[in-house]
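FYI, in my numbering the residues of the sequence shown are 116 to 515. Heads up, the beta-carbon is just placed ideally off N, CA and C, and yes, glycines get one too.
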Amino acid sequence: MVTAFSATVALVVGVVLVWPMMLAISAVTALVAVDAHFAIKARRKKVAITLVVDITIAGAACVLAGVPPVGVAMVTAYFVVLVAVLGRSTRAWPVGLYALTMGVVATSAPVLFDLAEPPIERTIAAGVAAVVVFGVATIEIVRRFVSSIRQRAEQEERRVRMSNAIAVASRALVAEDDARALAFALEAIREAIGAPIAFVEQNVQGDPDGLTAVVVESVTTYDDVHPAFLCGVRTPWRSMPGAQSHLEGGAPFLFRVAEAAGTDFDRSGKGGARSEVNIPIVLNNTWVGVIGIADVLPDRHWKQDELTLMRTLADLTAAFWQRVEDLRVRDSMIGSLDGRLRYEEALAKASTSLLGERGVGVDGALESIGIAARVDEVYITQTIHSSDGHPTALVTTSWV
């Protein structure tokens, strides 16, 4: 922008003052400045050499054209701005110093070589042009500098926000056994990404639909969210083979909501979304579910750190589900062992009552069995034949 503006100012000065050499120098400096600009933008090989050559050509042209000293400053501004604004990618700050040096040399050349001084009106015009160009260049440099600082601050704030979300999700899913732990973790991730909807789907085998995704947790900023994101909603994966193929392979899937308009999978409308990304949850090399984030922006660009955050939550969720399953198996084993011990204890007590030194003790045996089995009544029956010849049960002993 500064290059184009500077060339325009030089061109206007040349036309107004009928200064052919100024027209020539404006054309030369514009060409070399554009060359330098694209050398930096395209990260051309040997950028520094290109800039040095361009600056030297511009300085020599200024001397040959008899440009006043203040006009040389305008040409120098081209390269100072280029290096100051774009030098962060090329690290060519020494080239900027060379541009200033060339400006000083070009300014001193008329004195050193005893060249004729230009008319005063041309000197004044060139001075005004230089002031204008340097003013615009300074504003541009300051604007870019402030923008760069703001961008770095936003990046740091974003990094901290993502790190805090991971910390909250980790505490919820690793240190807690609460049933709402997954909701706490999901809300932290949703807030960090800045989307209105986040959900977790778990794969289950269902008949006759086969592998089916079931929404097991959902958080949203909406008071009335779209039914597709409600807990308990089931979606057969066979109806979305493309999504299933991506997710089974461990890759993220970008759900094109617009393409689903009018179908059973339309998630737009009130409380819905217009863009969605899904990350697979993998447990023991098996795809077991999905972490999903949805937004109302149709062209939402999902950044790499957002996808990384979602994948971290997917790993934490897989570990959480594994821990829940391990606890269930442990409790089942403990319950089974406890029942077995109770029955063995009852058998031992019954045996002692029936075969102990005190002789037969049926009542004590029945009581031990009843307590161990946690029932209200225990009977011992004897099968006899009734008067009509049919077998029947006769209660001989009972415990109530």
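Backbone secondary structure at residue i - three-state DSSP
i    : result
N400 : coil
D410 : strand
P506 : strand
I349 : The sequence given here has Arg at residue 349, not Ile. R349: strand per DSSP, three-state reduction.
P356 : helix
P367 : coil
S204 : Here S204 scores only 46 on pLDDT, less than 50, and its place in the model should not be relied on; the value that follows carries that caveat. Of the three classes helix, strand and coil, the one that applies to S204 here is helix, per DSSP.
V340 : coil
E492 : coil
S263 : helix
S278 : helix
V475 : Low per-residue confidence applies at V475: pLDDT is 46, beneath 50, and the placement is therefore not dependable, though the value from the model is reported in the following sentence. Of the three classes helix, strand and coil, the one that applies to V475 here is coil, per DSSP.
S390 : strand
L470 : Note that L470 scores a pLDDT of 47, beneath 50, so its modelled location is shaky; the value from the coordinates is reported in the next line. In the structure shown, L470 sits in a helix (DSSP, three-state: H, G or I).
V133 : Note that V133 scores 47 on pLDDT, short of 50, meaning its location in the model is unreliable; the coordinates nonetheless yield the value given after this. Three-state DSSP puts V133 in coil, outside helix and strand.
C-beta contact flag for residue i and residue j at 8 Å
i    : j    : result
G428 : A284 : Just to set this straight, residue 428 is Leu in the shown sequence, not Gly. Cβ distance < 8 Å, so L428 and A284 count as in contact.
M519 : I394 : Nothing about residue 519 can be reported from this structure: the residues present for the chain run from 116 to 515 only.
L362 : V405 : yes
V329 : V319 : yes
S360 : V372 : no
L398 : W436 : yes
I396 : A433 : yes
L431 : A300 : yes
R382 : A343 : yes
D491 : M277 : no
V411 : P311 : yes
P367 : L326 : no
W417 : V392 : yes
Where residue i falls, given that 16 or more other Cβ within 10 Å makes a residue buried
i    : result
T498 : exposed
E316 : buried
G474 : Since pLDDT at G474 reaches only 46, below the 50 mark, its modelled position is unreliable, and no value is offered.
G386 : buried
E269 : exposed
R415 : buried
V275 : exposed
V261 : exposed
E271 : exposed
L470 : Confidence at L470 is low in this model, with a pLDDT of 47, below 50, so its placement is unreliable and the value that follows should be read with caution. When all chains shown are included, L470 counts as exposed.
Whole-angstrom C-beta distance between residue j and residue i, which should lie under 8 Å
i    : j    : result
A313 : R305 : 4 Å
C346 : V331 : 7 Å
G321 : R349 : 7 Å
A296 : A307 : A296 to A307, Cβ: 17 Å. No contact.
Below-8 Å beta-carbon distance, residue i vs any chain B residue
i    : result
A300 : Judged by its chain identifiers, the structure shown contains no chain B, having just a single protein chain.
Query - 3 or more residues per run - each beta strand (DSSP E) lying fully within the stretch 305 to 336 - result: Fully enclosed beta strand (DSSP E) runs of 3 or longer: 312 to 321, 325 to 335.
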